[in-house]
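The opening position of the sequence shown corresponds to residue 1360 in the numbering used here, with each subsequent residue numbered one higher. Just so you know, even glycine gets a beta-carbon here, dropped at the ideal spot from N, CA and C. A short worksheet on the structure shown next.
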Amino acid sequence: MKYVFLGGAGEVGASCLLLSIGKKNILIDAGVRVNERGTASLPDLKMLKEIAPTLDAIFISHAHADHIGALPLVHQMFPHTQIYATLPTQRLATVMLGDAVRVQELTEDTLFHQEAVDKALWRMETAEIGVWHSPWDDFRFQFHASGHVLGAVSIFLETPEGRFLYSGDVSAFNQNTIDGIRDISFFNPDFMWCEATYGADNHPSRSEEEKRLGTTVAEVIEGGGSVLIPSFALGRAQEIILILKKMQAAKAIPKFPVITDGLVNAICGIYEALPPHLSPKLQNYVINSRQPIFHTDNVRKAKPGERESILKDETPKCIIASSGMLTGGASVFYASGLASDARHAIFLSGYQDAESPGRRLQELKSGDTLQLGDTAIEVKCRVERFRLSAHSDQQQLINMIRQANPKALAFVHADPKTAEKLRARLYKKYLMYSPINGQTEDGTERPLWLPPEKKVQPVPEASLDFEVALGDGKTLHIPDEIVDMERWQTFASGDHTAQLKGKQLVITQQEHKQ
Ligand SMILES: [Zn+2]
Ligand SMILES: [Zn+2]
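In structure tokens form, the structure reads like this:
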């Protein structure tokens, strides 16, 4: 098996992995860099054509633009290649790619038109989650729900050259809309490509962060101001609506008007149309209440042409609008109207790319100027950031990797420093690679990374080679490679006695007295 990242290695964006297994070429994801325009946003499609004169299958892990945004172009290059995705991903792709066309047509960097989107989606075959599918002899694949957003999956491949796992974007914890990734310990791949977006550290407590968001929004509204939450249309916006509704239903915060605007609304409709893919809790709600999930009671959609009057109306309210990084769409319009008034607030809720207006807003001081579209605005409103990520954090990624127990793995979908921090936690246990965009790696040559007789030992049995001097006040030095081991750290936290038995030093952990 040979693989090359045409995008998405050492970066969050333009995810695109080409696998060559025997005579077959397989592409996983075809995304764009969301903060770039035109050809700079694309994975290396020229290289794709050079390496792969034909493609045998395309798999799409989920409908975020960084995984699907270049699909219409890839389909133009390989019009006869079957594209596989889950049903929700197919439905969401219709909306996401349709929106991409609208945005592109407003600029001069048009990459494709609606016709190309329609043709690509026509080639898309939906595959059920949790079932093996075999598009040709000697090969089968399985989609495995990965949390993250509706329809997102990890992809298992069984091939004559080994078992491979592409994690896709993963969330280990249960969100309000969908459950986290299920157990993957049954698969044990030979090679795993693992996302590492938040591999550097751990998230704050999700429930605390949700409470903080709800109470802070309520606080601004009580003070007579309105709150804008710029939000990613797919996934994050639906979470935020449910967080507010949940707290209002529990009377933890008062009911106030919530208005959603932009691409958010179309995506809410797709979530509501696919209850079997939602969390069991939400499925129960749908069955028992027979009401829409998102837009009921005090939560409503903005009507077409209503934006001006929503801003003019002085009633304090919470507006949830895409895009999440203030790069365009409804959120830019509302931010321009609210930012210069100290009564109001803008709450950022997710990843802000280094070059995005959202990141600049996050770093501004009150009174600084922010460029939003064509206008420069003096920012006086309250600005805060909430960490409501839909990605696993460092510990959750480590737990998942332990469960999968791959023979070798590579971290992708992260900036190189972040991936490095995660590698540092695992390098003693796993054989790890740092793929670089455009660099072909050979994963087939088993002896290179895994001679069958020399399996990677999870944790080597400690046989220490050092000298111990006996006598009072002598210090025993344990070599660094042992001290760094997680197993030693757990052990070292208790009370111990050490005893020399012949040549062996026996360290025993004392029983805790009750
Ligand atoms: Zn994603
Ligand atoms: Zn992604």
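Task: Rounded C-alpha distance that separates V1508 from D1458 - done: 18 Å
Open item on the list: With three or more beta-carbon pairs closer than 8 Å as the criterion, would you say the segment 1774 to 1786 touches the segment 1361 to 1380?
Closed with: yes
Open item on the list: Is the beta carbon of A1511 closer than 8 Å to that of D1538?
Closed with: no
TODO: Express the C-alpha separation of K1787 and V1476 in angstroms, rounding to a whole number.
DONE: 45 Å
Task: Closer than 7 Å: S1690 CB and nearest ligand 2 heavy atom - done: no
Task: Endpoints, beta strand (DSSP E) assigned at R1741 - done: R1741 to R1744
TODO: With a threshold of 7 Å, establish whether the CB of D1700 neighbours any heavy atom of ligand 2.
DONE: no
Open item on the list: Taking the alpha helix (DSSP H) that K1382 belongs to, which residues open and close that run?
Closed with: Run containing K1382: none; DSSP gives neither H nor E here.
- [ ] Could you check if G1583 is buried or exposed, using at least 16 other CB atoms within 10 Å of its CB as the buried criterion?
- [x] exposed
Open item on the list: For E1665, count the other beta carbons within 10 Å of its own beta carbon; 16 or more makes it buried, fewer makes it exposed. Which is it?
Closed with: exposed
Open item on the list: Can you give me the C-alpha to C-alpha distance between L1404 and A1486, rounded to a whole angstrom?
Closed with: 26 Å
Task: Exposure of R1649, with buried meaning 16 or more beta-carbon neighbours within 10 Å - done: exposed
TODO: With hydrogens ignored, establish whether the beta-carbon of D1774 is closer than 7 Å to any heavy atom of ligand 2.
DONE: no
Open item on the list: Any heavy atom of ligand 1 closer than 7 Å to the beta-carbon of D1528?
Closed with: yes
TODO: State the CB to CB distance for the pair F1546 and R1565, rounded to an integer number of angstroms; the pair is presumed to be in contact (CB under 8 Å).
DONE: Contact flag wrong, Cβ pair sits at about 27 Å.
- [ ] Kindly indicate which residue of N1796, A1416 and A1694 has the alpha-carbon position closest to the one of F1500.
- [x] A1416
Open item on the list: Can you list, in chain order, the residues of its chain with a C-beta nearer than 6 Å to that of W1808? Leave out the 5 residues immediately preceding and following it.
Closed with: With a pLDDT of only 40 at W1808, under 50, the local geometry of the prediction cannot be trusted, and the value read off the model is given with reservation. So the list reads A1767 and L1790, once near-sequence residues are dropped.
Open item on the list: Which residue wins for smallest C-alpha separation from W1481, given the options I1442, I1580 and L1451?
Closed with: I1442
TODO: Using 7 Å as the cut-off, classify the Cβ of S1748 as near or not near the heavy atoms of ligand 2, replying yes or no.
DONE: no
Task: Minimum C-alpha distance to G1558 - residue among T1799, Q1754, Y1792 and M1360 - done: Q1754
- [ ] Under 7 Å Cβ to Cβ from E1395, same chain only, skipping five residues before and after it: list those, please.
- [x] none
Task: S1530 vs G1506 beta-carbon contact at 8 Å - done: yes
Open item on the list: My output table needs one value for L1729: the three-state DSSP class, helix, strand or coil.
Closed with: strand
Open item on the list: Just to confirm, is the Cβ distance from T1518 to I1380 under 8 Å?
Closed with: yes
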